[in-house]
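Notes follow the structure.
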Amino acid sequence: MRQSNRPHPETWDGEQAGALEPRWAMTRRRLLIGASATVGALVVGVPTAIELLRPRVASTMLESGLSDPELPSSPLVWFELTPAEIAFYVPKVEMGQGIHTALGKVAAEELILPLDRLRVRQGDMERGFAPSLQFTFGSSSVSSLYTPVREAAATVLAMLATEAARQLGAPANLVTADGGVFHTPDYRAVDYLGVVAAHTGRWTEPESAPALRSAADFVSIGARGTRVDMRAKLLGEAVYGYDARLPGLLYGAVALPPRFGATLVNAEAGDAAALPGVKQVVIDETIGFAGVVADTAAGPGRPATPCGSAGRAEPRSTGQASRR
Amino acid sequence: MRLNVNGQGQVIDHPEERLLWVLRDELGLVGTRYGCGIGVCGCCTVLIDGEPMRSCQISASEVGSSAVTTLEGLARRDSDGTVVALHPVQQAILETPLQCGWCLPGHVLTAVALLAREPRPSAERIAEAAGANLCRCGGYNTIKAAVARAAARAGNQ
């Protein structure tokens, strides 16, 4: 096994950034287990190879050599357990469809964990999620991920349970899980986060595929509940794609004609390029395009209003737009 | 200039910029959203001295010393900033959520202003207020029911 060549991810866990060295083991069941020797972390990923809807991505994964453990180039499902939280990274974007809530429920059922104790997060490129996986289509996200999420979550629970039994000094077959806590028949207990915190060394993967739970035992699926993303949205804390800010981000403003069907006839840069913060003025009359790129959102680079008249640095449409 | 946002004085660098962009890009309050930019959709609604206003239509300098309230400023928080309690309108929508939530800031702040003016609004008044904000997911029945529930709860307290 060798260490991943990827830059060290800084978003594993605020407290542990820098402490976690991801190493990856491909299990017999084709799960990726983060085999870090660091105390207090368990990462389980399911590679895209098992996603039937994406054969091309899968073949790329296979060609890259699954026997050579590396951070998955594009995981499908991702669980990250630290002493602070149990996080489930969903590969699909949430735009109101309810995918994060639905798949969060699926994971919570197999983890035997209340949904409000599972942090459901957007799968990000830090964790190797491919942008091509994140888009959604054909109402297929929940149906295609239902089984992979269950299998991965069940594996996570089995690994936790084995470790909990070891820590409690109880036979594994007598340890039961309920509400995020493992119990022994003699009333000793440890919660999931406690198991992760007390764990050292490598995690032991289950010998065989853990049995999935019966739908009759589900408590979250089929029951009314709130959306996992709604509280953050109500507090203004949610980060939509539009809210993302990256280092060195540039802002573009495009001059648009004042009505549908109109096209730009001509435009002049004027003194736009000389204004503070302006990086580039782009005018291509052959395709009816005029825009400006600036290094700040405020001031000259302000995204244009639909009529393209707001930004000070916007190219002036001297000929205005005319109907085709 | 100084801007009074959610009870705190903030120094801003672009007073002539529209309030929406000052909030989002200078102050990082991304809970206020850009929808249409022409004052129609209501996604950018904030409260100015308690009145709902389209933040894309006014400059920060026009706000002056008036109190600006955004979505981030509604919940009751302790001294560390940890949320102690959601505003009744936030709580009601949490229970019966919207879908994408893009229009949500405008709907929530419009409803907060309505309930402040009229603690027991009629269904017609609630619908009228909600109608000022566009919701492309079509969540109006959910919003109207949530606002009515928030009003009923506030009345019981």
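So the protein lines, in turn, are chains A and B.
For reference, each letter of the first sequence is one residue, going 7 to 330 in the numbering used here.
For reference, each letter of the second sequence is one residue, going 10 to 166 in the numbering used here.
Glycine is no exception: its CB is placed at the ideal position from the N, C-alpha and C atoms.
State the CB to CB distance for the pair residue i and residue j, rounded to an integer number of angstroms; the pair is presumed to be in contact (CB under 8 angstroms).
i	j	result
Glu-100(A)	Gln-128(A)	7 angstroms
Ala-69(B)	Leu-28(B)	5 angstroms
Pro-89(A)	Leu-174(A)	Rounded, the Cβ-Cβ distance is 17 angstroms, inconsistent with contact.
Ala-113(A)	Leu-124(A)	6 angstroms
Glu-116(A)	Ala-171(A)	In fact, because the Cβ distance is near 18 angstroms, the residues do not count as touching under 8 angstroms.
Leu-38(B)	Thr-79(B)	5 angstroms
Ala-120(B)	Val-98(B)	5 angstroms
Gly-148(B)	Leu-107(B)	4 angstroms
Val-55(B)	Leu-36(B)	Val-55(B) to Leu-36(B), Cβ: 12 angstroms. No contact.
Ile-135(B)	Val-156(B)	5 angstroms
Pro-264(A)	Leu-270(A)	Incorrect: roughly 11 angstroms between the Cβ atoms, too far for contact.
Can you tell me the Cα-Cα spacing of residue i and residue j, whole angstroms?
i	j	result
Asp-89(B)	Val-287(A)	45 angstroms
Pro-128(B)	Leu-113(B)	20 angstroms
Glu-157(A)	Tyr-257(A)	43 angstroms
Tyr-193(A)	Gly-185(A)	15 angstroms
Lys-239(A)	Gly-73(B)	28 angstroms
Gln-343(A)	Val-155(A)	Only positions 7 to 330 of chain A appear in this structure, which leaves residue 343(A) out of reach.
Ala-244(A)	Ala-176(A)	42 angstroms
Glu-86(A)	Thr-232(A)	23 angstroms
Lys-153(B)	Cys-109(B)	17 angstroms
Ala-296(A)	Asn-272(A)	9 angstroms
Pro-216(A)	Met-165(A)	10 angstroms
Arg-331(A)	Arg-33(B)	Because chain A in this structure spans residues 7 to 330, residue 331(A) falls outside the shown range and cannot be described.
Leu-218(A)	Cys-50(B)	47 angstroms
Val-96(A)	Val-126(A)	7 angstroms
Glu-71(B)	Gly-18(B)	16 angstroms
Ala-275(A)	Gly-134(A)	41 angstroms
Phe-224(A)	Arg-230(A)	12 angstroms
Val-196(A)	Thr-206(A)	16 angstroms
Ser-226(A)	Pro-137(A)	29 angstroms
Arg-63(B)	Leu-82(A)	41 angstroms
Thr-153(A)	Ala-101(B)	33 angstroms
Arg-389(A)	Gly-242(A)	For residue 389(A) there is no data in the structure shown, the boundaries of chain A being 7 and 330.
Val-298(A)	Ala-280(A)	12 angstroms
Tyr-43(B)	Gly-115(B)	10 angstroms
Cys-144(B)	Gly-46(B)	15 angstroms
Asp-22(B)	Cys-52(B)	24 angstroms
Gly-294(A)	Gly-48(B)	27 angstroms
Thr-168(A)	Glu-133(B)	59 angstroms
Along the chain, where does the beta strand (DSSP E) containing residue i start, and where does it finish?
i	result
Thr-153(A)	Careful: Thr-153(A) lies outside any beta strand (DSSP E), inside the alpha helix (DSSP H) at 147-174.
His-189(A)	187-189
Leu-56(B)	54-57
Glu-71(B)	From DSSP, Glu-71(B) is part of no beta strand (DSSP E) but of the alpha helix (DSSP H) over 69-72.
Leu-270(A)	268-270
Tyr-95(A)	92-96
Arg-127(A)	124-128
Met-62(B)	60-63
Leu-103(B)	No beta strand (DSSP E) holds Leu-103(B); the alpha helix (DSSP H) holding it covers 97-104.
Leu-12(B)	11-14
Ala-296(A)	295-300
Ala-273(A)	Here Ala-273(A) belongs to no beta strand (DSSP E), and DSSP marks it neither H nor E.
Ala-94(B)	92-94
Ala-183(A)	182-184
Ala-76(B)	76-78
Ala-259(A)	257-260
Could you give the first and the last residue of the continuous alpha helix (DSSP H) run that contains residue i?
i	result
Gln-111(A)	The question names Gln, but residue 111(A) in the sequence shown is Lys. Taken as a continuous stretch (DSSP letters only), the alpha helix (DSSP H) holding Lys-111(A) covers 105-117.
Arg-134(B)	132-139
Thr-119(B)	113-126
Leu-139(A)	137-140
Gly-200(A)	198-204
Please list, in chain order, the chain E residues whose beta carbon lies closer than 7 angstroms to that of residue i.
i	result
Met-101(A)	Among the chains of the structure shown, chain E does not appear; the protein chains present are A and B.
Enumerate in chain order the residues of its own chain whose CB-to-CB distance from residue i is below 7 angstroms, with the five nearest sequence positions on each side excluded.
i	result
Asp-87(B)	Val-93
Thr-190(A)	Leu-174, Ala-176, Leu-180, Val-181
Ser-65(A)	Residue placement at Ser-65(A) cannot be trusted, given a pLDDT of 37 that sits under 50; the coordinates are not used to answer.
Ala-160(B)	Leu-124, Pro-128, Arg-129, Pro-130
Arg-162(B)	Pro-97
Lys-111(A)	Leu-121, Ser-226, Ile-227
Pro-253(A)	none
To which residues of the same chain is residue i closer than 6 angstroms at the C-beta, ignoring the five residues directly before and after it?
i	result
Ala-43(A)	Only weak support is given to the placement of Ala-43(A): the predicted model assigns it a pLDDT of 35, under 50, and the value that follows is read from those uncertain coordinates. Taken in chain order, the list of residues that qualify is empty.
Cys-146(B)	Gln-108, Cys-109
Phe-94(A)	Phe-85, Ala-113, Leu-124, Val-126
Val-148(A)	Ala-108
Which residues in the same chain as residue i place their Cβ atom closer than 8 angstroms to its Cβ, once the five residues preceding and following it in sequence are excluded?
i	result
Thr-142(A)	Lys-98, Val-99, Met-101, Gln-103, Ile-105
Leu-163(A)	Glu-116, Leu-117, Ile-118, Ala-183, Pro-216
Val-187(A)	Ala-195, Val-196, Asp-197, Tyr-198
Trp-111(B)	Arg-42, Gly-44, Cys-52, Arg-145
Do the segment 59-77 of chain B and the segment 108-125 of chain B meet, that is, are 3 or more Cβ pairs less than 8 angstroms apart? yes
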